[in-house]
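Engineer: Got a structure for you, questions after.
Numbering (our numbering), first residue to last: 2 to 221.
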């Protein structure tokens, strides 16, 4: 199974203001999954972008960088209002999970101890895998794993997780080199996100060119 690229129209964990225009320029690229963060665009603009994405046959993702239940629930409501297919992020709560189920949204909460924005991941690999298995038993679609934001051994975390947990995992954040892409290609998580690296031209000159290069690399 090839890993899916989720293109995030975000830089430093915030949605860029010209997200609509960038999507328009790149709508014919090879990426199926597209998304952005819950901040700082107004909800009407978020709805406009997601509507355009759906018109183009894309799968839509909202990633919510929130660590309290109240903030997470607010983000989940945004995903429902926008008709998103996938909610990534938030720390798991039953209220968020229930809202996602009511709106047919695939829920992928964080695991581990997360601080800051851009996020840093802390905690032991064993505890994160145990947490993920518990959430799998609760029926979540998968996990948002901030693998390369882990302050200890990111690639051991990602590899051990993929081997031991078994449900979909999206490796999110800081995939900014072909070396890291090669590792993703080897371990084959369900998906991975790239946002900031595209804005910093880590994979080529234009946004659209970089998306296609990454898709071709993963699928080769």
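Glycine included, each C-beta is placed from N, C-alpha and C at the ideal position.
Please read these numbers as outputs of a predicted model, since none were measured by experiment.
#1: Can you give me the C-alpha to C-alpha distance between residue 118 and residue 137, rounded to a whole angstrom?
#2: In terms of DSSP beta bridges, what is residue 31 paired with?
#3: What does the Cβ neighbour count give for residue 44, buried or exposed, with the cut at 16 atoms within 10 Å?
#4: Does DSSP put residue 68 in a helix, in a strand, or in coil?
#5: Measuring alpha carbon to alpha carbon, tell me which of 194, 69 and 33 ends up nearest residue 148.
#6: Would DSSP call residue 54 helix, strand or coil?
#7: Would residue 113 pass as a contact of residue 89 if the rule is Cβ separation under 8 Å?
#8: Please determine, among 41, 132, 39 and 220, the residue with the shortest C-alpha to C-alpha distance to residue 94.
#9: Roughly how many angstroms lie between the CA atoms of residue 159 and residue 26, to the nearest whole one?
#10: Terminal residues of the continuous alpha helix (DSSP H) containing residue 246?
#11: Taking only the alpha-carbon atoms, compute the straight-line gap between residue 51 and residue 184 and give it to the nearest angstrom.
#12: Can you name the start and end residues of the beta strand (DSSP E) that residue 116 belongs to?
#13: Please return the same chain residues whose Cβ sits closer than 8 Å to the Cβ of residue 171, not counting the five positions on each side in sequence.
#14: Using only alpha-carbon positions, find the residue among 30, 63 and 74 that is nearest to residue 208.
#15: Can you tell me whether residue 274 is buried or exposed, with buried defined as 16 or more other CB within 10 angstroms of its CB?
#16: Quick one: measure Cβ to Cβ for residue 61 and residue 41, integer angstroms, because I've assumed they're closer than 8 Å.
#17: Using C-beta distances below 7 Å, list every residue in its chain close to residue 96, excluding the 5 sequence neighbours before and after it, in chain order.
#18: Is residue 92 closer than 8 Å to residue 77 when the C-beta atoms are compared?
#19: Within 10 Å of its beta-carbon, does residue 57 have 16 or more other beta-carbons around it, so buried, or fewer, so exposed?
#20: Quick one: Cα of residue 175 to Cα of residue 103, how far?
#21: Enumerate in chain order the residues of its own chain whose CB-to-CB distance from residue 213 is below 6 Å, with the five nearest sequence positions on each side excluded.
#22: Between which two residues does the beta strand (DSSP E) containing residue 108 stretch?
#23: May I ask you to report which of helix, strand or coil DSSP gives residue 22?
Structural biologist: Walking through what the data contain:
#1: 26 Å
#2: Note: residue 31 sits in no beta bridge, so no partner.
#3: So residue 44 counts as exposed.
#4: Coil.
#5: Closest by alpha carbon: 194.
#6: Residue state, collapsed to three classes: helix.
#7: No, the pair does not count as a contact, with Cβ atoms beyond the cut-off.
#8: Looking at the Cα atoms, 132 is the closest of the given residues.
#9: In this structure, the straight-line span from the alpha carbon of residue 159 to that of residue 26 is close to 32 Å.
#10: Only positions 2 to 221 of the chain appear in the structure, and residue 246 is not among them; the question remains open.
#11: Distance between the alpha carbons of residue 51 and residue 184: 30 Å.
#12: 114-116
#13: Within the same chain, residue 171 has close Cβ partners 7, 89, 109, 143, 144, 145, 146, 190, 191, 192, 193 and 194.
#14: The shortest C-alpha to C-alpha distance from residue 208 to any of 30, 63 and 74 is the one to 30.
#15: Missing from the structure shown is residue 274; the chain here goes from 2 to 221 and no further.
#16: Contact flag wrong, Cβ pair sits at about 19 Å.
#17: 70 and 74
#18: no
#19: exposed
#20: 32 Å
#21: 30 and 31
#22: 107-111
#23: helix
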